[in-house]
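**Q** 1 is the number of the first residue of the sequence shown in full-length UniProt numbering; add one for each residue after it.
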Amino acid sequence: MAHVEAALGRLRCLAALAEWERLSVLCRAEWHQVEPHLRREMAPIAAHGAWHMGQWDEMSVYVDSMGSTDRPGTSAGAFLTAVLAVRRGEYPTAKVAVDRARELLGTELAALVGESYDRAYGDMVRVQQLTELEEVIDYSLAPALCNGDEVAAEERRQLTREMWRGRLRGVQRHVEVWQALLSVRSLVLPQQEDTHTWLKFASLCRKSGRVRQSRRTLLQLLQYDPMAVHGPGMPGFAAGSGKPHVMFGFLKHLWATGDRDNALHRLQDLVQEVATLPPEQPNPSALPVAVATTSGTVVNKSTDAYRAPLIARVHLRMGIWRWTVTSSEDLSEGVIEEVLGSLQLATDRAQHWAKAWHNWALFNVQVMEHYARYDIQAAQRHVAPAVMGFFRSVALGQATGEVRTGANLQDILRLLTLWFNHGSAPDVEAALQEGFGHVSIDTWLVVIPQVIARIHTSQVVVRRLIHALLVRVGRHHPQALMYPLLVACKSQSTFRRTAAMAVVENVRQHSATLVEQAQLVSQELIRMAILWHEMWHEALEEASRQYFGESNVEAMLATLLPLHEMMEANGPTTLKEIAFVQAYGRELAEAYEWCNRYRQSRREAELHQAWDLYYHVFKRINKQLPSLTVLELQYVAPALVRAQGLELAVPGTYLAGEPVVTIAAFAPQLTVITSKQRPRKLTIHGSDGAEYMFLLKGHEDLRQDERVMQLFGLVNTMLANDRTTAERDLSIARYAVIPLSPNSGLIGWVPNCDTLHALIREYRDARKIPLNVEHRLMLGMAPDFDHLTIIQKVEVFEHALDSTSGEDVHKVLWLKSRNSEVWLDRRTTYTRSAAVMSMVGYLLGLGDRHPSNLMLDRYSGKLLHIDFGDCFEASMNREKFPEKVPFRLTRMMTKAMEVSGIEGNFRFTCENVMRVLRSNKDSVMAMLEAFVHDPLINWRLLNTTDAAAETALARDPDQATAADQAEQGHLGGPTEVVGFHPETMPSPPRRDARERELLVAYGQLGDANEVLNERAVAVMKRMSDKLTGRDFMQDGLPGGGDSDSVQSQVQRLILQATSHENLCQSYIGWCPFW
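(1) Can you tell me which of the three DSSP states K884 falls into?
(2) Just to confirm, is the Cβ distance from A480 to L445 under 7 Å?
(3) Looking only at C-alpha atoms, which of Q459, T629, H850 and R307 sits nearest to L396?
(4) Closest to L343 by C-alpha separation, out of H358, G334 and E333, would be which residue?
(5) Run the CB neighbour count on E803, radius 10 Å, all protein chains shown included, and call it buried at 16 or more, exposed below.
(6) Just to confirm my understanding: we take T629, look at its own chain, exclude 5 residues before and 5 after, and list those with CB closer than 8 Å. What are they?
(7) Could you give the C-beta distance for A346 and H315, rounded to a whole number, given that I count them as a contact under 8 Å?
(8) Could you tell me the boundaries of the alpha helix (DSSP H) in which Q433 lies?
(9) For L26, which option in R40, P484, H37 and A6 has the closest C-alpha, if you only look at C-alpha atoms?
(10) Quick check: is the beta carbon of W419 nearer than 7 Å to any beta carbon in chain C?
(11) Could you have a look at L628 and say whether DSSP puts it in helix, strand or coil?
(12) Could you name the residues that DSSP lists as bridge partners for Y692?
(13) For L181, tell me which candidate among I336, S140, D225 and M124 has the shortest Cα-Cα distance.
(14) Mind checking H608: buried by the 16 CB within 10 Å criterion, or exposed?
(15) So if DSSP puts G753 in a beta bridge, which residue, or which two residues, is it bridged to?
(16) What is the rounded straight-line gap between the Cα of I1054 and the Cα of G901?
(17) Whole angstroms is fine: what's the gap from E429's alpha carbon to K200's?
(18) Going by DSSP, name the residue or residues bridged to residue 1116.
(19) Since L640 and E524 are thought to touch, with beta carbons under 8 Å apart, how far apart are those beta carbons, to the nearest angstrom?
(20) Is V184 near L133, with beta carbons less than 7 Å apart?
(21) Hey, how far is the Cα of A47 from the Cα of L14?
(22) Alpha carbon to alpha carbon, how far is R313 from Y139? Give it in angstroms, no decimals.
(23) When DSSP labels each residue in this structure, what does G166 get in the three-state scheme?
(24) Please report the distance separating the alpha-carbon of G748 from that of E176.
(25) Which same chain residues end up closer than 7 Å to A386 when comparing Cβ atoms and leaving out the 5 residues on each side of it in sequence?
(26) Can you list, in chain order, the stretches of the alpha helix (DSSP H) that have 4 or more residues and sit fully within the segment 575-611?
(27) Within 10 angstroms of the Cβ of E929, are there 16 or more other Cβ atoms? Answer buried if so, exposed if not.
(28) Distance, Cα to Cα, R767 vs T1058?
(29) DSSP three-state call for T297: helix, strand or coil?
(30) With DSSP as the reference, label P572 as helix, strand or coil.
(31) Three-state secondary structure (DSSP) at P739?
(32) Sorted by chain position, which residues of the same chain lie with C-beta nearer than 6 Å to A736's C-beta, five sequence neighbours on each side aside?
(33) Give the straight-line distance between the Cα atoms of L682 and L756, rounded to the nearest whole angstrom.
(34) Using a threshold of 7 Å, state whether the C-beta atoms of N1062 and K884 are closer than that.
(35) Using 10 angstroms around the beta-carbon of R678, count the other beta-carbons present and answer buried if the total reaches 16, otherwise exposed.
(36) Only counting the same chain, and skipping five residues up and downstream in sequence, which positions put a Cβ closer than 7 Å to that of R338?
What follows is the structure, given as structure tokens:
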């Protein structure tokens, strides 16, 4: 019995691997040795094997054993009976069997579809096989159905073939699914007559890791083995196969399986043959369904947007492979010439092929970077061709419907980098001027933040082009420009303000109402984001730290005097501001008077008088703030009450080509969320009748978060374009981010989400478990935990872990699911989303992932990250409590995964995401390069140099999260429960103060100085290392000499993230014990 079970297991494995020959041999050997009841179990697998081998007599024996021929007992038996009948030409019998199979399948399918589409998918494929079996019968009977008219019969068959190709594009890209459908079609359509589809199938096998099956399919198409032919020039080595398309597929197979030198050698032989062939005519049966446009170009409805002729594809592959096997250090004149020659030929032979132009431009950029080390003039020669190539690639990508792909965005970003760095060279300027005319104006909408960031560049030519481009965008899409331009108009840099105002004035000429409304809405939202009460509360807190903590009188005055001046200059305009002046105006005016006296006399006593008044005001505001839980719009921004039926789009909703959703009205109340920053929940009624909710945040520069969302969008596109990740629906949850000024903005409200902190608190409160139980255990064992050595910290940390279960999140997921299937879905989604963000967060150097910065979707289980103020490993490089982990993978997160924890879905997803990121290195680096060299973002890179401005914490101390409050020692809210001791942490200066100092440090132009550039280059090098698996080389770890494989890199990261030694060094507010 055990032997039979093992044999059945082997048969199932061989069938899954499509090893039909070995399967047939095993079936013959085992068939007569097994009991009749076991034969019924073995028969379907054996029948499939015989079918694929063309052994029809044996297949008949196997099918007969599955049940009586007139009433077969299973849908599989009935289906195989129908296949045999079609093969024998017994079409009436076949139709009866198909109907019977459908009937039997109906009951199975009905039960499965109600439970899960995924589980029913195999049966759905079987239903399609049955339909196609009927079509196969019609295909065979076509001449009879057309009354002997051969032309009509062929037209009918052609239509069926087109329909079959169309269906293949609709099914899942699984080898098993394609094989099931193609095997039915092969009853009437031999492989040689449908080469294109079988080549696609071989490619699918190769990309799915089914290398042997891919090779077998290609050899069946070629009808001989090219590996048996040695030496170029011999027929069949690569040239002379008679089937250059199939041979090209075989060479790609060789390359993918690691036989690169052989593949390259044979490709050279194929190139010579293809060059002598007559020009290709598009063959309708060899192409996926394509639509001819009025201009004559072919726009393909499938994944290949443009089907290039074979000669162009061969030349492109030649160039790419030659480029791939040459390291950047070994780029010689000969190699450069050879690669450029191949790529040039590819663009010549397929001038409408975006991929060829993309690679041509990309290689020119690499050659430029190569020459830039020692020959600037030679490097400069490659800039204009690269610019031209990127423009062609983008324009063709749009023309063939490839908009929104990662490659397109990558090209646009690379184009911007070349433009901003080399735009003042005459040939580059000419190429840019020409290129702007070729691409649609919509192209630039995705990179408006990057363009506006350079609006004040010191290069006159570049600045003039930026201005001209923004004016053009403003003419076609004024809505898209409004919010980002108005942020630039509020900049501290005079040059930047002036440049932005010039564009706004230009837009005002044709959209005056829109500009007025945008200025009004922006101004009022900023006013609501930080009320005078909060402005003074924060400023007094900061000033007291500067005066009493640092004895820095000048800094204290610099913090407070602008507020006094603002009150005097503007005066109160809303009821809320009038109430503030009535309550505190007299005392603040008096204190201002004392400060002015101090500035003249420099007597400390005057400052003490001022501080008596300030302290009194501070105490009263402090008492009043908690009661400000709701803001009435009529009191804080009456102008917005009157603002109804605007032309202005709802923030974050504008999409080119889509109907514009404008602001119909603002909701009359705003809810204040009680955290340190006190953000407001704002509702806007759209013209489409929907409500749009936002979080209105003050004290925070959201421009970095906006760029991070752009990066996430690019990553999502890559994950959607990769078969393995797309099947698992891997993506990063995103939300709208709209900066309003350099220190305030709107964030799209994410519904149905709770922070992990809130979920754990709710779970523990219900069970009377102290929220900070682990921390209490640690303090009980070692009250001076922060002063212990690492080995002692590990012992205390492990004591806390051993004494608690850490299953809170695991139990929350289970308890909040209505049944086990929902729970399984949520758990899988949670695990996968955690893995995706772990990898992307690691690449970005994202820090500060405490439980209040991670949110869980109540319905899907997806993990959502918020607050991206801390990127590029800033938290790892800070002086106090540097983070040691690459991402958050604490025990609560691990226990909420499947029974095997990290092993399984988490690791598999991490490896897939890292593979996708590494294989799309160019796109990711283009985005990050634009990010790091952006003058509005890169001041943050100067995070922990020895200047006083860069103190203990390298990030915004005003983030609205519990652990941040802990980080700064502000007790209150959830932190109080965590039990953090404020004296253990220094209080860092406010970010806007830090930004002011840094702006002064590198001049009002905003162009980064050498220090910044050095740091930016170092950051880019680090990210490049991460994307090539060389990120652990500097650690001196064993095996660190060569780049790591994806699996090895992920393993090292997981070990780092779960190491108790690393976790125990985190600050308590990060909650490493959770």
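Where a beta carbon is used, it is the ideal one built from N, C-alpha and C, also for glycine.
**A** Reading from the atomic positions:
(1) DSSP places K884 in coil when its eight states are reduced to three.
(2) Between A480 and L445, the gap from beta carbon to beta carbon is short of 7 Å.
(3) The shortest C-alpha separation from L396 is found at R307.
(4) Considering only alpha carbons, the answer is H358.
(5) Checking the displayed sequence, the identity of residue 803 turns out to be Ser instead of Glu. With fewer than 16 other Cβ atoms within 10 Å, it is exposed.
(6) If we look at T629 and ignore the five residues flanking it on each side, its Cβ neighbours are T671, V672 and T674.
(7) Yes, they are in contact, since the Cβ atoms of A346 and H315 sit about 4 Å apart, within 8 Å.
(8) Residues P426 to H438.
(9) Put simply, of R40, P484, H37 and A6 the residue whose alpha carbon is nearest the alpha carbon of L26 is A6.
(10) Given the protein chain composition of this structure (a single chain), no chain C is represented.
(11) DSSP, reduced to helix, strand and coil, places L628 outside both helices and strands of the structure shown, so it counts as coil.
(12) DSSP, once it has assigned bridges, lists I684 as partnering Y692.
(13) Among I336, S140, D225 and M124, the Cα nearest to that of L181 belongs to M124.
(14) With fewer than 16 other Cβ atoms within 10 Å, it is exposed.
(15) Per the sequence shown, the amino acid found at residue 753 is Cys instead of Gly. Looking at the DSSP assignment, C753 forms a beta bridge with D857.
(16) Each residue's Cα considered, the two are about 12 Å apart.
(17) Going by C-alpha positions, E429 is about 43 Å away from K200.
(18) Summary: the structure shown does not reach residue 1116, with the chain confined to residues 1 through 1074, and so no result is reported for it.
(19) Separation of the CB atoms of L640 and E524 is rounded to 5 Å, and the pair is thereby assigned contact status at 8 Å.
(20) With a cutoff of 7 Å on beta-carbon distance, V184 and L133 are scored as near each other.
(21) Roughly 13 Å separates the two Cα atoms.
(22) Cα-Cα distance, rounded: 34 Å.
(23) Note: G166 maps to helix in three-state DSSP.
(24) Rounded to the nearest angstrom, the two C-alpha atoms are 42 Å apart.
(25) Around A386: A361, N364, V365, M368 and L418.
(26) Within the segment 575-611, the complete alpha helix (DSSP H) runs of at least 4 residues are 575-601.
(27) Counting Cβ neighbours within 10 Å, E929 comes out buried, since at least 16 surround it.
(28) Taking the straight line from one Cα to the other gives about 28 Å.
(29) Residue confidence is low: T297 scores 33 on pLDDT, short of 50, so the model does not pin down where it sits. No coordinate-derived value is stated.
(30) In the structure shown, P572 sits in coil (DSSP, three-state: anything other than H, G, I, E or B).
(31) Looking at P739 - three-state DSSP - the assignment turns out to be strand.
(32) G652 and G748.
(33) C-alpha separation (whole angstroms): 24 Å.
(34) Yes.
(35) Taking a 10 Å sphere around the C-beta of R678, we find 16 or more other C-beta atoms and assign the residue as buried.
(36) Residue identity check: residue 338 is Glu in the sequence provided, not Arg. Contacts found: R322.
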